[in-house]
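For the record, in the sequence shown the residue sitting at position 42 is 42 according to our numbering, with numbers rising by one throughout.
Glycine included, every Cβ here is placed at the ideal spot set by N, Cα and C.
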Amino acid sequence: MKKTEKDRIPKDQYFLKIAGVVALCGTCPRKKIGAVLVHDGMIVSTGYNGAPRGIDHCDGKVGCRMIEGHCVRTVHAEVNAVVQAAYNGVATSGATLYTQYLPCEHCAKVLINAGVKRIVYSGIYENADNEYTKENLTKAGVKFELLQ
1 MKKTEKDRIP KDQYFLKIAG VVALCGTCPR KKIGAVLVHD GMIVSTGYNG APRGIDHCDG
61 KVGCRMIEGH CVRTVHAEVN AVVQAAYNGV ATSGATLYTQ YLPCEHCAKV LINAGVKRIV
121 YSGIYENADN EYTKENLTKA GVKFELLQ
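Shown next, in the form of structure tokens:
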């Protein structure tokens with residue numbers, strides 16, 4: 001049976017689901033997060049939370065390194081998606097980022113400077129200053145949308 005346009009899930013849901021699959025690669029045992037950068041309807045980069053290249057992962061023998069309630073060994077998924085794009089020579093300006101949670105204040109600043117214009121997320125991470133993040137994104141002209 002041939003699928004019609006109305007049978008397909010919307011693109012935003014499609015890319016959010018892919019971010020969920022990317023999250024399965026995460027190496028931080030505290031939280032598995034995935035991020036997908038999309039430009040003109042095409043995936044240009046992905047990222048998940050884990051230690052930098054060549055450094056032991058939290059889920060290995062070393063565990064999490066906690067400072068003020070945060071694991072400092074882990075690079076967040078959103079930053080890893082931007083870094084992977086840069087590493088591979090892919091522009092991020094004008095892209096949309098899909099992820100499970102509204103990015104933390106640090107990741108939001110990285111996304112602003114990377115030229116990301118829209119963020120679509122499916123939940124709120126309670127361990128972040130969400131109002132500060134939203135304020136900065138708004139000032140920078142980055143649209144953000146909670147999609148459940």
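- Annotated three-state conformation of Ala35 is strand, per DSSP.
- In the DSSP assignment, Gln100 falls outside any alpha helix (DSSP H) and lies within the beta strand (DSSP E) extending over 96-101.
- In the structure shown, Glu68 adopts coil according to DSSP, grouped into three states.
- For Lys143, the enclosing beta strand (DSSP E) stretches over residues 143-146.
- Judged by DSSP in its simplified three-state form, Ile112 adopts helix.
- Between the region 56-66 and the region 106-116 there are fewer than three C-beta pairs closer than 8 Å, too few to call the two in contact.
- For Gly20, the three-state secondary structure derived from DSSP is helix.
- Here Val120 carries a strand assignment [DSSP, helix/strand/coil].
- Val79 has its alpha-carbon roughly 15 Å from the corresponding atom of Gly89.
- Ser122 and Tyr101 have their alpha carbons spaced roughly 6 Å apart.
- Cβ atoms of Val36 and Tyr98 come within 8 Å of each other, at about 5 Å.
- In terms of Cβ geometry, Thr133 and Ala108 form a close pair [threshold 8 Å].
- For Leu147, the CB contacts under 8 Å within the same chain, skipping 5 residues up- and downstream, are Asp12, Gln13, Leu16, Val120, Tyr121, Ser122 in chain order.
- Residues of the same chain with a CB within less than 6 Å of the CB of Glu105, apart from the 5 flanking positions on each side, are Asp129, Tyr132, Thr133 in chain order.
- Relative to Val21, the option among Pro103, His57, Tyr87, Tyr48 whose CA is nearest is Tyr48.
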